[in-house]
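Undergrad:
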Amino acid sequence: MASFSPAVTFMLQYTEPTARYVDYMNRDEAVQLTNELELENRMQGMELLAESEITKIRKDVPELQLNFEDYIGYMNRSYATGKQTEEVTAIFTQDANHLQRSKVSELKEKLNQAYQNGSLLWQGVISFDNQFLAQEGLYDLATGQVDQQAIKAVVREALPKMIAREGLSDSAFWWANIHLNTDNIHVHFGLSEVESNREQIFYRPRGRMEYKGNFSQKTIDRLKSEVFHGLLHENTRSNIIRKEQVLVNLKSQLLDQVFRDNQVRTATEKNFLEQAYNHLPLSKKWRYGSNARDFAVSKFFIDRYIDSYLKHGGKELYQEFLDETRQFLQVYQNVYSADENKSYEKLRQIDGNFVRSEELSKGYQLEKLLAAREFELRERLANKILATFRQEAPRIQEQWVQSNLSTFSQKNQERILKQYPAARIVRTAKDWEKLGYQLKAGEQALQIIKPVYATYDKYGNGLREVSFVEEAVYDIGQMEENIAQKQLGLKDLSVFSRDELKALVDAAKKKPAPSPKEVQELGIFRYALKLSSLEERRGQLLTQQKLLSQVEALDTDKPFVIFKQQQLQEELKLVNLQLIPNYKLSPEDRTLKERLSAKFQDSVTLSIDKAEAGVIQLPIRRLREEMDYAQGLKDEGILLLLQGKSISKKEYLNDLQTHISIFQLKNRIQVRNRKIEAGSDNRELKIENAKAFQELKNLYASLSVNRDQDNQLSAVVSKRMEAQKVFKKENLLQSKGKAQFNPQFLNTLSRSLNSAQRANRRALMERERGDDQERYEQDQERYEQEQEDKEQLL
Numbered sequence: 001m002a003s004f005s006p007a008v009t010f011m012l013q014y015t016e017p018t019a020r021y022v023d024y025m026n027r028d029e030a031v032q033l034t035n036e037l038e039l040e041n042r043m044q045g046m047e048l049l050a051e052s053e054i055t056k057i058r059k060d061v062p063e064l065q066l067n068f069e070d071y072i073g074y075m076n077r078s079y080a081t082g083k084q085t086e087e088v089t090a091i092f093t094q095d096a097n098h099l100q101r102s103k104v105s106e107l108k109e110k111l112n113q114a115y116q117n118g119s120l121l122w123q124g125v126i127s128f129d130n131q132f133l134a135q136e137g138l139y140d141l142a143t144g145q146v147d148q149q150a151i152k153a154v155v156r157e158a159l160p161k162m163i164a165r166e167g168l169s170d171s172a173f174w175w176a177n178i179h180l181n182t183d184n185i186h187v188h189f190g191l192s193e194v195e196s197n198r199e200q201i202f203y204r205p206r207g208r209m210e211y212k213g214n215f216s217q218k219t220i221d222r223l224k225s226e227v228f229h230g231l232l233h234e235n236t237r238s239n240i241i242r243k244e245q246v247l248v249n250l251k252s253q254l255l256d257q258v259f260r261d262n263q264v265r266t267a268t269e270k271n272f273l274e275q276a277y278n279h280l281p282l283s284k285k286w287r288y289g290s291n292a293r294d295f296a297v298s299k300f301f302i303d304r305y306i307d308s309y310l311k312h313g314g315k316e317l318y319q320e321f322l323d324e325t326r327q328f329l330q331v332y333q334n335v336y337s338a339d340e341n342k343s344y345e346k347l348r349q350i351d352g353n354f355v356r357s358e359e360l361s362k363g364y365q366l367e368k369l370l371a372a373r374e375f376e377l378r379e380r381l382a383n384k385i386l387a388t389f390r391q392e393a394p395r396i397q398e399q400w401v402q403s404n405l406s407t408f409s410q411k412n413q414e415r416i417l418k419q420y421p422a423a424r425i426v427r428t429a430k431d432w433e434k435l436g437y438q439l440k441a442g443e444q445a446l447q448i449i450k451p452v453y454a455t456y457d458k459y460g461n462g463l464r465e466v467s468f469v470e471e472a473v474y475d476i477g478q479m480e481e482n483i484a485q486k487q488l489g490l491k492d493l494s495v496f497s498r499d500e501l502k503a504l505v506d507a508a509k510k511k512p513a514p515s516p517k518e519v520q521e522l523g524i525f526r527y528a529l530k531l532s533s534l535e536e537r538r539g540q541l542l543t544q545q546k547l548l549s550q551v552e553a554l555d556t557d558k559p560f561v562i563f564k565q566q567q568l569q570e571e572l573k574l575v576n577l578q579l580i581p582n583y584k585l586s587p588e589d590r591t592l593k594e595r596l597s598a599k600f601q602d603s604v605t606l607s608i609d610k611a612e613a614g615v616i617q618l619p620i621r622r623l624r625e626e627m628d629y630a631q632g633l634k635d636e637g638i639l640l641l642l643q644g645k646s647i648s649k650k651e652y653l654n655d656l657q658t659h660i661s662i663f664q665l666k667n668r669i670q671v672r673n674r675k676i677e678a679g680s681d682n683r684e685l686k687i688e689n690a691k692a693f694q695e696l697k698n699l700y701a702s703l704s705v706n707r708d709q710d711n712q713l714s715a716v717v718s719k720r721m722e723a724q725k726v727f728k729k730e731n732l733l734q735s736k737g738k739a740q741f742n743p744q745f746l747n748t749l750s751r752s753l754n755s756a757q758r759a760n761r762r763a764l765m766e767r768e769r770g771d772d773q774e775r776y777e778q779d780q781e782r783y784e785q786e787q788e789d790k791e792q793l794l
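Numbering (UniProt numbering), first residue to last: 1 to 794.
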């Protein structure tokens with residue numbers, strides 16, 4: 001199979017050593033002493049070999065397929081021709097460019113000693129792409145001349161490093177040849193140890209202990225890297241060094257600016273840093289790479305701060321870093337790897353026994369490499385922040401916060417400024433405490449006049465009689481931060497997406513032995529997650545309402561459409577009530593909220609302990625009513641609008657029935673649990689419940705929502721919600737209302753889903769017209785047959 005040839009490939013195998021291998025490598029047809037140009041040097045490589053490359057190397061170097069004990073017969077063969085001399089050979093070693101023939105016998109003797117001592121012989125092939133060598137000035141395509149001196153110098157520098165990485169003994173020795181008689185120039189080398197330091201492992205096929213032969217993939221990759229960089233032309237190398245220096249400078253600037261008072265732009269970023277500090281585990285060395293359970297919350301907030309920093313304060317530097325990194329990595333695009341998704345045979349050889357496996361080449365994964373460098377940058381930024389935390393707690397002045405004096409009456413403004421002329425932000429002591437502030441020593445309260453009403457409505461508006469009382473307030477200049485006591489409120493947490501809140505809850509749950517403050521925080525995190533999920537559900541309901549209002553329903557489908565419109569209106573009312581704390585609801589609203597909650601109870605989230613007969617009755621009645629209306633549905637495009645994905649009527653009905661079955665099954669498990677608690681025959685009941693739990697698992701899996709994640713409705717709503725969260729992060733203290741899903745936001749989704757719905761409807765109408773035509777033809781045929789029968793009777 002044809003395959004792209006990377007600039008450098010490397011193949012390595014091992015066996016027991018013999019001296020015969022020296023002669024075979026030194027054969028005249030493979031090497032030429034006179035073909036050595038003195039040119040520049042330097043180069044690298046990665047990636048496994050493609051099948052075609054393995055085949056080609058084995059063809060070019062046939063001794064790879066032989067049992068090395070057979071090489072003894074080659075030792076006495078003469079390869080001396082005009083291209084070699086009686087005195088020197090083409091073999092090169094650490095100390096010689098051309099090994100003297102008198103020295104070859106010493107090399108053979110070393111191999112014999114290694115063989116006697118049970119050491120291993122490693123046989124390697126480093127193959128080069130000729131076009132690459134030509135590009136770097138090491139090969140003349142016209143004359144075929146090769147700068148062997150440069151290649152030898154690079155190999156001579158790389159092999160000792162490989163030997164050191166693998167921990168071979170001081171008695172390790174190597175020799176090599178440059179082979180020129182093939183399509184691709186390559187270096188063929190041998191490596192062994194007179195006495196081995198290698199670890200011994202038990203080799204099952206031969207039932208004995210043997211020295212470990214495999215080199216680590218890291219060692220192999222490093223060798224290719226060093227060879228590649230060693231062969232680069234001076235201009236290429238200078239360009240790479242320049243790019244590397246640019247990247248170093250950009251990273252240094254990003255690190256230098258990641259945590260400065262003037263770099264923190266908003267109250268949101270201030271919160272991130274303070275909470276990261278507050279949740280650090282005590283008496284531990286802080287390291288971003290740690291996965292310790294008590295570090296999870298701090299890590300979450302550090303990540304959020306870095307997200308914001310790279311998007312705002314460090315945006316320009318970060319974008320330049322990404323661009324430069326991509327350009328730098330593209331230098332190696334065609335260097336290390338074979339083509340992507342090309343089949344190749346992964347091959348190892350041990351004493352002539354080949355172990356093969358079919359693999360797909362990964363190619364050069366630019367995006368993966370880029371992501372790895374991004375992560376490395378984030379890790380360094382995070383550790384820089386943690387290093388700053390070791391020196392002191394973050395103390396960031398809120399210079400961006402606007403004065404709130406205008407929210408007070410004119411008289412109160414005058415009172416405040418008379419008592420404290422520098423006043424800028426004024427709050428009560430309780431409000432300051434919530435924000436993590438405490439009163440400085442010696443500061444006096446500022447007095448204002450506050451109206452007090454006899455009663456208030458659910459929106460906080462004063463009703464009936466009013467009286468005026470003095471209230472103590474304080475300016476920010478009178479306060480000092482106590483960030484250890486600072487907790488994030490719902491408004492602070494509202495900047496997070498549902499997925500981020502879920503990650504925060506999961507991180508907080510990991511904390512071992514949480515303090516009362518941390519337990520309280522976890523409750524706030526969970527409530528914020530609940531509100532975020534409700535807001536997203538609200539967005540989906542509003543979207544479904546709009547889409548359903550645009551349906552031109554067939555007469556047969558109108559009852560179902562009307563039913564769903566009423567159902568959506570009720571569920572939307574429920575979600576709006578759930579978004580308001582109970583204490584703010586009137587008795588009537590609380591009663592309505594309870595009734596609607598029972599009606600729209602979800603079968604999957606309902607806990608078994610609560611699945612009593614009275615609880616499941618109302619939602620089952622709702623599901624059965626929906627099934628009755630859906631039975632007569634002809635236009636399945638309506639289901640597309642409701643579900644946000646293609647779903648057949650049969651699947652829709654199956655889902656409704658599955659929800660009913662889940663309710664009923666949970667109720668049966670709950671009843672058996674009660675009997676077990678009452679002391680009934682536990683064994684039989686537990687066996688029945690075990691079967692029921694498996695059935696419950698199967699029912700969950702059968703729901704279409706778990707089989708298909710391509711839901712346009714959820715995707716668009718989630719995207720809109722995320723956009724609003726991003727907007728809130730820009731300035732947490734700005735006043736913002738609830739998420740609004742206006743018609744403009746829905747246009748794209750409407751067009752997409754309505755187009756598909758109209759296509760379904762056209763197909764349905766065509767089918768109905770076809771059915772009408774068929775019925776007409778059948779009636780006409782029946783009429784003609786009746787007429788014919790009458791005529792026969794007459």
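Built from N, CA and C at the ideal position, the CB exists for glycine as well.
On a predicted model such as this, the values are computed, not experimentally measured, just so you know.
Measuring alpha carbon to alpha carbon, tell me which residue in PHE259, GLU433, GLY124 is nearest LEU223.
TA: GLY124
Undergrad: Starting from ARG304, trace the alpha helix (DSSP H) in both directions and tell me its first and last residue.
TA: 296-311
Undergrad: By Cβ distance below 7 Å, which residues in the same chain neighbour SER127 in space, the five residues on each side in sequence not counted?
TA: Listed in chain order, the non-local C-beta contacts of SER127 below 7 Å within the same chain comprise THR9, ILE57, ASN184, HIS186, local neighbours out to five positions each way being set aside.
Undergrad: GLY436 and ILE385: beta carbons closer than 7 Å?
TA: No, Cβ-Cβ distance for GLY436 and ILE385 is not below 7 Å.
Undergrad: Spatial neighbours of LEU159 within its chain, please: CB distance less than 6 Å, with the 5 preceding and 5 following residues excluded, ordered by chain position.
TA: TRP174
Undergrad: Can you look up residue 795 in the DSSP assignment and give me helix, strand or coil?
TA: Since the first and last residues shown for the chain are 1 and 794, residue 795 lies out of range.
Undergrad: PHE272: buried (16+ other C-beta within 10 angstroms of its C-beta) or exposed?
TA: Result: buried.
Undergrad: Considering Cα atoms alone, identify which of PHE563, ILE662, LEU665 is closest to ALA630.
TA: PHE563
Undergrad: Relative to the C-alpha of GLU465, which candidate in GLN520, THR266, HIS233, PRO451 has its C-alpha closest?
TA: PRO451
Undergrad: In whole angstroms, what is the alpha-carbon distance linking ILE220 and MET162?
TA: A direct Cα-Cα distance of roughly 8 Å separates ILE220 from MET162.
Undergrad: Buried or exposed for TYR453, please, with buried defined as at least 16 other CB atoms from any protein chain shown within 10 angstroms of its CB.
TA: So TYR453 counts as exposed.
Undergrad: Determine whether the beta carbon atoms of LEU317 and LEU369 lie at a separation below 7 Å.
TA: Contact flag unset, no.
Undergrad: LEU12 by DSSP, collapsed to three states: which one?
TA: strand
Undergrad: Any idea what DSSP makes of LEU280, helix, strand or coil?
TA: LEU280: coil per DSSP, three-state reduction.
Undergrad: Considering Cα atoms alone, identify which of SER603, LYS650, LEU656, SER607 is closest to GLU625.
TA: LEU656
Undergrad: Find out if the Cβ-Cβ distance for the pair GLU379, TYR288 is shorter than 7 Å.
TA: yes
Undergrad: Return the residue from the list ALA172, SER597, GLU166, ILE178 that minimises the CA-CA distance to PHE92.
TA: For PHE92, the closest of ALA172, SER597, GLU166, ILE178 by C-alpha to C-alpha distance is ILE178.
Undergrad: Do you know how far the Cα of MET11 is from the Cα of MET209?
TA: 25 Å
Undergrad: Taking only the alpha-carbon atoms, compute the straight-line gap between ASN278 and GLY190 and give it to the nearest angstrom.
TA: Spanning the alpha carbons of ASN278 and GLY190 requires a straight line of approximately 59 Å.
Undergrad: Suppose only complete runs of 4+ residues qualify. What are the alpha helix (DSSP H) ranges in the region 224-272, listed by chain order?
TA: 234-257
Undergrad: Looking only at its chain, what residues have a beta carbon closer than 6 Å to the beta carbon of PHE328, apart from the 5 residues adjacent to it on each side?
TA: LYS243
Undergrad: Helix, strand or coil: which one does DSSP assign to GLU195?
TA: coil
Undergrad: If you count every other CB in all the chains shown that lies within 10 Å of the CB of ALA423, and 16 or more means buried, which is it?
TA: buried
Undergrad: If we call anything under 7 Å between Cβ atoms a contact, is ASN404 one with ILE448?
TA: no
Undergrad: Identify the continuous beta strand (DSSP E) that holds GLU480 and give its terminal residues.
TA: 479-481
Undergrad: Ignore the nearest five residues each way along the sequence and tell me which others in LEU120's own chain have a CB closer than 6 Å to its CB.
TA: TYR14, TYR211, GLY213
Undergrad: Does LEU547 come out as helix, strand or coil in the three-state DSSP assignment?
TA: helix
Undergrad: The alpha helix (DSSP H) with ILE163 in it runs from where to where?
TA: Unbroken alpha helix (DSSP H) run through ILE163: 148-165.
Undergrad: Confirm, please, whether the CB-CB distance from LEU548 to LEU574 is below 7 Å.
TA: no
Undergrad: Between ARG198 and the rest of its own chain, which residues show a CB-CB distance below 6 Å, the 5 nearest in sequence each way excluded?
TA: Sequence-distant Cβ neighbours of ARG198 in its own chain, meaning closer than 6 Å and more than five residues away, are TYR211, LYS212.
Undergrad: What would DSSP say about LEU99, mapped onto helix, strand or coil?
TA: coil
Undergrad: Check whether the region 551-568 touches the region 634-645, taking contact to mean three or more Cβ pairs, one atom from each stretch, closer than 8 Å.
TA: yes
Undergrad: How about PHE194 and LYS110: do their beta carbons lie closer than 7 Å?
TA: The displayed chain sequence assigns Val, not Phe, to residue 194. A contact, by the Cβ cut-off of 7 Å.
Undergrad: Pick helix, strand or coil for GLY82, following the three-state DSSP scheme.
TA: Only weak support exists for where GLY82 lies, its pLDDT of 30 falling under 50; the value from the coordinates is given anyway. Reduced to three states, the DSSP call for GLY82 is coil.
Undergrad: Verify whether the separation of the beta carbon atoms of LEU592 and THR658 is less than 7 Å.
TA: Not closer than 7 Å, so no.
Undergrad: Residues in the same chain with beta-carbon distance under 6 Å from LEU531, minus the five sequence neighbours each way, listed in chain order, please.
TA: Here the set comprises nothing.
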